[in-house]
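The number in our numbering is simply the position in the sequence shown, starting from 1, with 5 added. Just so it is clear, CB atoms sit at the ideal spot from N, CA and C, and this is done for glycine as well. The structure appears below as structure tokens.
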Amino acid sequence: QEERRRLEAEAAERAQHPLYYGDLITLYASEQNLDPALVSAVILCESSFDPKAESRLGARGLMQLMPDTAEWIAGKIGDSNYSFDHLYDAETNIRYGCWYLNYLSKLFRGDAVLVSSAYHAGQTTVTRWLSDKSISSDGVTIPVDKLPDGPTKQYAGRVTTSYGIYEALLYPNESAEAAGAADGDSMSACAVR
Numbered sequence: 006q007e008e009r010r011r012l013e014a015e016a017a018e019r020a021q022h023p024l025y026y027g028d029l030i031t032l033y034a035s036e037q038n039l040d041p042a043l044v045s046a047v048i049l050c051e052s053s054f055d056p057k058a059e060s061r062l063g064a065r066g067l068m069q070l071m072p073d074t075a076e077w078i079a080g081k082i083g084d085s086n087y088s089f090d091h092l093y094d095a096e097t098n099i100r101y102g103c104w105y106l107n108y109l110s111k112l113f114r115g116d117a118v119l120v121s122s123a124y125h126a127g128q129t130t131v132t133r134w135l136s137d138k139s140i141s142s143d144g145v146t147i148p149v150d151k152l153p154d155g156p157t158k159q160y161a162g163r164v165t166t167s168y169g170i171y172e173a174l175l176y177p178n179e180s181a182e183a184a185g186a187a188d189g190d191s192m193s194a195c196a197v198r
């Protein structure tokens, strides 16, 4: 009876946390030293795995990249064939999105709350929050419950919750290996808050 309830609960979590493009996520997460569970969580929260998703603000694809950000990334990675229309392609979008998550990870020491907040609201906003003692007591971290109320707080909460679920259900080995790595840039070394 108890085992059946546990299995039903796990099945429900899996249904709410599907995984598509797993090979591409694993490839580009690995290339950028990211936990694929985090990348999966960002994609779920950004587009629900719809490669044709487009926001009212003009963000495109699985990882919902904005035109200016995508163009900047193309310059950084040397993609001379870049076109914003290419962001409807799952592989291009995941490649760009993983590069950007790695960039933010380096800025914010791999802290999943800060990285997801910066992905949503921009690095300048998160840096400003870190300097506000009422939001960040140590100037280095911000627990989700201390983020200013609004869409970014909701987003960071959804991403970090989904990150933990993807880690447990789909990527337990990768997450454990990455957490044990000595590299401080590893996303999975951060506890989900």
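Just verifying my parser: in three-state terms, what is the DSSP assignment at residue i?
i: LEU24; result: coil
i: ALA16; result: helix
i: LEU67; result: coil
Is the Cβ-Cβ distance between residue i and residue j less than 7 Å?
i: HIS22; j: TYR171; result: yes
i: LEU174; j: ALA161; result: no
i: MET5; j: GLU51; result: There is no way to answer for residue 5, as the model of the chain reaches only from 6 to 198.
i: TYR93; j: LYS138; result: no
i: ALA34; j: VAL47; result: no
i: ALA42; j: TYR176; result: yes
i: LEU135; j: SER141; result: yes
Report the residue from the options whose alpha carbon sits nearest the alpha carbon of residue i.
i: GLY127; options: THR146, ASP137 and TYR105; result: TYR105
i: GLN37; options: VAL118, GLN159 and LEU109; result: LEU109
i: THR157; options: SER122, TYR176 and THR165; result: SER122
i: VAL120; options: VAL149, GLN6, ILE82 and ARG65; result: VAL149
i: ARG65; options: TYR101, TYR26 and ALA20; result: TYR101
i: TYR26; options: ARG133, THR97 and PHE113; result: THR97
i: GLU59; options: THR31, SER85, LEU32 and HIS91; result: HIS91
Quick test of your reading: residue i and residue j, contact by CB under 8 Å. State the CB separation rounded to the nearest angstrom.
i: PHE89; j: ALA75; result: 6 Å
i: ALA117; j: THR166; result: Incorrect: roughly 10 Å between the Cβ atoms, too far for contact.
i: LEU221; j: CYS103; result: Because the chain is modelled from 6 through 198, residue 221 falls outside the range shown and cannot be assessed.
i: ILE99; j: LEU49; result: ILE99 to LEU49, Cβ: 13 Å. No contact.
i: ALA95; j: TYR87; result: 16 Å between Cβ atoms; not a contact.
Item to check | Ordered list of alpha helix (DSSP H) runs contained in the region 139-179, each at least 4 residues | outcome: 156-174
Next on the checklist: So within the region 78-146, which uninterrupted alpha helix (DSSP H) runs reach at least 4 residues, ignoring any that extend past its ends?
Outcome noted: 95-112, 117-126 and 128-135
Next on the checklist: Restricting to runs no shorter than 4 residues, where is the alpha helix (DSSP H) found entirely within the region 30-60?
Outcome noted: 41-52
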